[in-house]
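As structure tokens, the structure follows; a few thoughts come after it.
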Amino acid sequence: MKKKILSCFLAGAMVLSLAACGGKTNEPASNDGSTTPAEGQDNTVADEAASIDFEDGNMGFVEAYMQKGDAGQVELSIVDYNGSKALQVKNVDEKVPYVAFDATSLLGADVAKVASVEMTVGVSYDDGSFNAVEGDLIAWSGEDLTESTDPWSVYMENQNPKKAVMTLDEGEEFVADAGNIFMINLKTDNGLTDGKGAATLYIDNIRFLDAAGNLLTADSSVAFAAPAGFEGSTGVDPNLFIVSGAVEFAGFACTGDAWSQNGFDIPEDVLAALVPGSVVELSYTSESGDLWLVMPDSAAGWMRVGVGNADGSGSADAICSNGVCQVTYEQLAAVLGEDTSTWGARMQAESDTAWEVFSVKVGQGASVLSTSNPVEFAGFACSGDAWSQNGFDFTEEVLAALVPGTALELSYTSESGDLWTVFPDAAAGWMRVGVGNADGSGSADATCYDGKCYVPYDMIVAALGEDSSAWGGRLQAESDTAWEVYSVNVVTATPMTPAGNYVAFEGAACSGDAWSQNGADITEEVLAALVPGSVVTINFTSESGDLWIVMPDSAAGWMRVGVGNADGSGSADAACLNGTCQVTYDMLAAVLGEDTSTWGGRMQFESDTAWEVYSVSVGRAAR
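Position 164 (the sequence shown) corresponds to 217 in this note's numbering; numbering is contiguous.
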């Protein structure tokens with residue numbers, strides 16, 4: 054890699070002159086030009102065999118990367134595009150999208166054979182316009198994950214989509230078992246600059262080629278394994294709620310200096326959406342990373358919500374992570390009361406540093422799920438048009454697996470992003486589960502993200518009762534738009550716990566081999582933070598993806614918390630997802646008792662494989 058060739062783009066009726074220069078660079082392309090193919094490189098889109106074509110609906114090997122300073126939130130899904138399935142990358146907050154692909158997991162030992170990577174890249178805009186875009190293909194190569202870049206562009210409407218090519222030159226080769234990945238970003242978006250909104254990116258037909266141009270076979274069923282330096286980067290953030298059924302707070306975009314407030318009058322539809330279980334979500338930036346709400350006209354008085362007072366009174370902190378802040382209905386009601394008519398007509402934002410809010414929405418908040426122990430619903434793959442149902446008869450194994458603490462996991466696509474289940478033969482009658490009725494009755498919404506929808510056991514029981522023999526013999530899927538389900542599993546589903554008011558456990562970073570323990574003495578600040586409603590959050594890696602806590606000196610004895618014993622006794626499992634493990638106060642108290650003075654002076658960590666803990670903190674659960 055990498056030749057830098059600058060050009061100006063042709064768009065609409067405007068024709069600009071072309072200039073080019075050669076030379077290897079890792080710098081992004083300029084904002085006033087686009088990148089053309091390197092000399093001799095064919096970037097036309099042809100009908101070629103691909104290593105990954107997304108036709109199977111799999112995208113578990115893809116993650117959003119959030120560690121760059123300009124990185125933005127994205128929504129990843131598989132959609133119909135240009136006559137086939139493609140990975141859609143929707144820009145949520147008008148920053149720079151970075152999307153990573155796990156080459157190591159996809160190719161196994163063959164990753165060392167990769168000489169180049171090709172893919173088809175297309176763009177669209179909500180208003181139907183075309184605008185020139187460009188970005189980088191980024192490789193993390195070798196044992197040291199050395200970063201190198203190749204430019205890509207789509208600068209002519211009649212070449213949208215277009216082939217993008219990344220080459221691995223000498224010193225940039227992938228090696229086996231090193232966590233090598235590649236990424237694509239979109240750095241220059243002329244539509245966004247011209248007020249057309251952010252581009253939506255489409256990626257298809259990924260081709261891994263060896264030095265002779267032979268196509269390498271990839272296993273699309275694998276899951277993304279985050280390499281070192283990627284921790285915490287994911288399309289979903291375990292410390293944020295998934296917001297469904299969102300109502301946009303139209304026009305809420307504003308800025309302010311430190312300790313200044315700005316905002317807008319609350320529309321009726323937003324006020325109506327502020328009900329128990331709802332979340333106010335703000336996409337934002339601030340120099341400190343903090344943001345909260347101000348309700349200036351409430352009957353209770355001028356009130357901050359989402360930040361505490363200096364003496365520790367007032368609201369719990371908003372949950373802020375990766376450019377998103379969330380304030381729960383429960384936080385608002387604790388300060389303002391449950392009668393929303395007394396909350397006043399205006400909502401404002403504020404921070405202790407300069408800040409900007411890009412958008413605000415209100416919807417129902419559901420926790421991201423840590424899943425394990427899948428039981429396959431063999432053969433469940435089908436599709437349907439809007440409001441049509443399709444499905445299969447239950448197998449005995451699937452019905453037996455649906456017990457408390459589990460959920461139905463449906464891998465799917467739909468045009469609207471929504472999906473739910475239908476039980477057509479239940480004793481309670483024909484029932485939708487995972488969507489509410491138009492009058493607000495019926496089931497809560499399924500939790501859908503990253504190409505999967507989850508319908509928890511408790512949601513099924515609320516609609517159909519606890520006797521599974523009364524649920525009927527058939528499970529179907531449905532959506533309000535055309536949909537397709539690729540697979541269904543029953544999984545153990547443990548909710549992650551969004552939390553704020555974190556207290557850092559200084560000195561807890563450590564590592565160990567399989568079944569070895571390591572840790573640190575518990576500080577006074579951490580012990581004081583371990584109260585009902587708190588959660589221990591551990592940022593880590595392990596080969597198995599599992600981690601738990603060991604309390605070696607407790608009055609109850611040497612105790613594991615966050616993993617069960619072989620006979621099924623002991624603690625519930627910790628919730629682990631994307632490099633984060635959480636153990637709640639309730640799990641600790643169930644094993645050790647409620648008196649923290651008897652828990653012993655030390656906290657250790659352990660896994661069934663080699664592991665490393667990077668940081669530990671104790672926070673207050675948002676609910």
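In this text, a Cβ means the ideal position worked out from N, Cα and C, and glycines have one as well.
Since the model is a prediction, treat every value here as computed from it, not as a measurement.
Straight-line measurement puts the Cα of Q379 at about 14 Å from the Cα of V300.
In the structure shown, the three-state DSSP call for T459 is strand. Taking a cut-off of 8 Å for Cβ pairs, the segment 223 to 241 and the segment 140 to 157 touch, as three or more such pairs fall below it.
S564: member of the beta strand (DSSP E) spanning 563 to 565, first to last residue.
In the structure shown, I319 falls within a coil segment according to DSSP collapsed to helix, strand and coil. In this structure, the beta-carbon distance from S351 to G316 does not fall below 7 Å. Residue pairing by DSSP puts K138 in a beta bridge opposite D133.
Within a 10 Å sphere around the beta-carbon of A264 sit fewer than 16 other beta-carbons, which makes this residue exposed. For R655, the beta-bridge partners assigned by DSSP are D574. Put simply, of Y539, G342, P349, A642 the residue whose alpha carbon is nearest the alpha carbon of S436 is Y539. Taking one beta carbon from each stretch, the segment 400 to 408 and the segment 289 to 309 have 3 or more pairs nearer than 8 Å; the two touch.
According to the DSSP assignment, N243 belongs to no beta strand (DSSP E) but to the alpha helix (DSSP H) extending over 243 to 246. Judged by DSSP secondary structure, S670 falls within the beta strand (DSSP E) whose first and last residues are 664 to 674. Per DSSP, the unbroken alpha helix (DSSP H) holding M512 starts and ends at 510 to 517. Taking the Cα positions, W524 is about 48 Å away from G572. Taking the Cα of L221 as reference, the smallest distance to any Cα among A281, G195, K414 is reached at G195. One alpha carbon belongs to N111, the other to P204, and they sit about 26 Å apart. Listed in chain order, the non-local C-beta contacts of D163 below 6 Å within the same chain comprise L269, local neighbours out to five positions each way being set aside.
In the three-state reduction of the DSSP assignment, D639 falls in the helix class, which pools H, G and I. Contact between the segment 172 to 186 and the segment 246 to 258 is present: 3 or more CB-CB pairs across the two stretches fall below 8 Å. With a 10 Å radius around the Cβ and a threshold of 16 neighbouring Cβ atoms, E116 comes out buried. Annotation: the continuous beta strand (DSSP E) that includes T590 extends over 587 to 595. The residue among G458, R527, L580, G654 with its C-alpha nearest the C-alpha of G610 is G654.
With a cut-off of 8 Å on Cβ pairs, the segment 492 to 511 is not in contact with the segment 439 to 448, counting fewer than three such pairs. By the neighbour-count criterion, in which 16 or more other beta carbons inside 10 Å mark a residue as buried, A192 falls on the buried side. Setting aside the 5 residues that flank it on each side, A124 is surrounded in the same chain by Y118, K148, V149, Y151, each with a C-beta closer than 7 Å to its C-beta; the list follows chain order.
Bridge partners of V152 according to DSSP: A117, I237. With contacts defined by Cβ atoms closer than 7 Å, D661 and C629 do not form a contacting pair.
Taking C-beta separations shorter than 7 Å and ignoring five residues to either side along the sequence, the partners of G244 in its chain run Y178, S182, N184, G250, A252, following chain order.
Distance from the CA of E559 to the CA of E578, rounded to the nearest whole angstrom, comes to 10 Å. Remark: C-beta atoms of S331 and Q417 approach each other more closely than 7 Å. Within a 10 Å sphere around the beta-carbon of A419 sit 16 or more other beta-carbons, which makes this residue buried.
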